[in-house]
Amino acid sequence: MSEASACRHVLVTGASRGIGRAVAEALLERGDRLAVVARDRAALEGLVAGGQHVVLPADLAKDEPRALVDRAADALGGLDALVSCAGIVEYAEVGAITRDALERQLAVNLVAPVLLAQRAARHMQRAGGGSIVLVSSTLATRPVPMTTAYAASKGGLEAATRTLALELGPANVRVNAVAPGVIDTDMVRVVRTRAGEATPTPKDARSRIDAQLAALRALHPRGRLGTPADVAESVLHLLDADYMTGTVVAVDGGLSLGEGKP
Ligand SMILES: NC(=O)c1ccc[n+]([C@@H]2O[C@H](COP(=O)([O-])OP(=O)(O)OC[C@H]3O[C@@H](n4cnc5c(N)ncnc54)[C@H](OP(=O)(O)O)[C@@H]3O)[C@@H](O)[C@H]2O)c1
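So for the sequence shown, numbering that gives the first Met the number 0 puts the first residue at 0; every next one is plus one.
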């Protein structure tokens with residue numbers, strides 16, 4: 000990318016909340032012009048109100064990612080960067096994984112980001128180069144029960160990060176990924192129920208979520224869960240890091256190190 004002070008045109012998916020919103024806020028802070036994607040139009044409009052930005056409400060499981068990229072590039076007058084944050088997780092133990100749930104997670108977490116990246120790279124190549132950051136997960140390489148479909152989607156995304164980087168490097172388009180650990184967003188504030196288990200009452204759900212998060216916090220050498228801003232910081236670094244491509248950077252407070260047990 001060009002010098003850090005230049006205004007860039009950036010497409011950010013998943014910008015309505017969580018990590019994607021923190022990325023978008025950090026980019027707005029430094030003066031970039033954004034095209035923001037998610038299903039929640041009102042949240043996107045609230046995020047970029049009053050600026051020269053583009054709101055593109057879309058369902059990445061259904062809508063055509065390539066058309067979204069073209070609309071973003073046309074409205075912004077080019078595209079320098081893509082940050083693909085939108086993602087979903089549906090917990091299910093082996094034996095309870097359905098084709099629909101597997102396909103939903105692959106559609107949003109793998110198919111859409113790859114098609115977005117491919118189309119964005121075309122616009123970037125025309126402009127002389129660009130930078131793409133995809134959001135993976137430590138679950139791609141660190142197995143946790145009930146996440147087979149999600150892990151498969153993120154593992155595929157990491158593999159795609161490397162091949163995209165290899166093919167696009169000569170065109171001056173860099174492709175990297177971040178792999179967050181446990182980041183305190185809506186995504187981790189759900190109860191993981193097993194097949195056949197009754198849906199917990201709201202009060203039970205809250206206390207189970209608190210217990211889940213406390214147990215997770217204890218696994219982190221840094222002693223806390225991550226924040227969306229922690230991830231945004233690494234995304235912005237990768238967007239500008241001219242000699243980094245094809246890498247997956249863990250942003251996990253040391254979670255992947257394990258518990259130090261032999
Ligand atoms: N939180 C974590 O611990 C964690 C850890 C590792 C990786 N990640 C990854 O980080 C990324 C962001 O997660 P998060 O924690 O910020 O989750 P989140 O708070 O649940 O936000 C998810 C974002 O994705 C968007 N999204 C979901 N389905 C979509 C669809 N079909 N079409 C368009 N947009 C869609 C949502 O917007 P709408 O609902 O408005 O559509 C929202 O903006 C995901 O890729 C996730 O897999 C998260």
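Note that beta-carbon positions come from the ideal geometry of N, C-alpha and C, so glycine has one too.
Since this is a predicted model, take the numbers as computed values, not measurements.
Exposure of residue i, with buried meaning 16 or more beta-carbon neighbours within 10 Å
i	result
residue 8	buried
residue 120	buried
residue 118	buried
residue 31	buried
residue 104	buried
residue 112	buried
Distance cut-off 8 Å: residue i Cβ against heavy atoms of ligand 1
i	result
residue 218	no
residue 186	yes
residue 131	no
residue 208	no
residue 144	no
residue 239	no
residue 141	no
residue 271	Because the chain is modelled from 0 through 261, residue 271 falls outside the range shown and cannot be assessed.
residue 149	yes
Close-in-space but distant-in-sequence residues of the same chain around residue i (CB under 7 Å, 5 per side omitted)
i	result
residue 144	92
residue 138	146, 149, 150, 153
residue 44	54
residue 23	11, 14, 33, 35, 46
residue 252	180, 219, 220, 221, 223, 225
Bridge-paired residues (DSSP) for residue i
i	result
residue 216	Beta-bridge pairing links residue 216 to no other residue.
residue 83	12, 133
residue 55	36
residue 146	91
residue 173	130
residue 179	250
Same chain, Cβ closer than 8 Å to residue i, five either side skipped, listed in chain order
i	result
residue 40	54, 56
residue 233	177, 248, 250
residue 6	30, 31, 32
Residues of its chain near residue i, where Cβ-Cβ distance is below 6 Å and the 5 sequence neighbours each way are ignored
i	result
residue 259	none
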